[in-house]
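Take the sequence shown: its letter number 73 is residue 73 in the numbering used here, and every next letter is one higher.
For each residue, glycine too, the CB sits at the ideal point set by N, CA and C.
Being a predicted model, the structure only gives us computed values, none of them experimental.
What follows is one structure encoded as structure tokens, with my remarks underneath.
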Amino acid sequence: MNISDFREYCLAKKGVTESFPFDNKTLVFKVGKMFALADIELFASLNLKCDPERAIDLRETYQGVIPGYHMNKTHWNTVSLGKDVPQKLILELIDHSYELVVNSLTKKQKDELSIG
């Protein structure tokens, strides 16, 4: 996966926007709230929201999954690219992160984003 593939995959999801709210190198994807981010210069890892129990399982199973760097360690993972995490799982984890955020939105927020 390269930065273009990651960007296209995230933007293909309904209601997603991209921005650089922190600096000029950290690309953030939101669906009302943030669900994915990555450093566009290094593009060595992704930060993704994750169910806390699943996050623990992933960290115990894969060396390439660690508690979220600069994030809430309970709800975020940093997923290293090019390590032992299969590409298919990375895509599934992006989907999982997106779905967690969408499910946390109110009906009004979903309607505003046209995802309700």
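Check, Outcome
"Nearest candidate by alpha-carbon position, reference residue 64, set 22, 46, 74, 50", "46"
"Three-way DSSP call (helix, strand, coil) for residue 39 in this model", "strand"
"Bridge partners - residue 18, DSSP secondary structure assignment", "29"
"Of the residues 87, 86, 115, 88, the one placed nearest residue 99, counting alpha carbons only", "115"
"Buried or exposed by the 16-neighbour rule on C-beta atoms within 10 Å, applied to residue 2", "exposed"
"Cα-Cα separation, residue 9 to residue 22", "22 Å"
"Residue 42, buried or exposed, once every other Cβ within 10 Å from all chains shown has been counted against 16", "exposed"
"Limits of the alpha helix (DSSP H) - the one that residue 114 falls within", "Here residue 114 belongs to no alpha helix (DSSP H), and DSSP marks it neither H nor E."
"Per-residue DSSP class, three states only, for residue 61", "helix"
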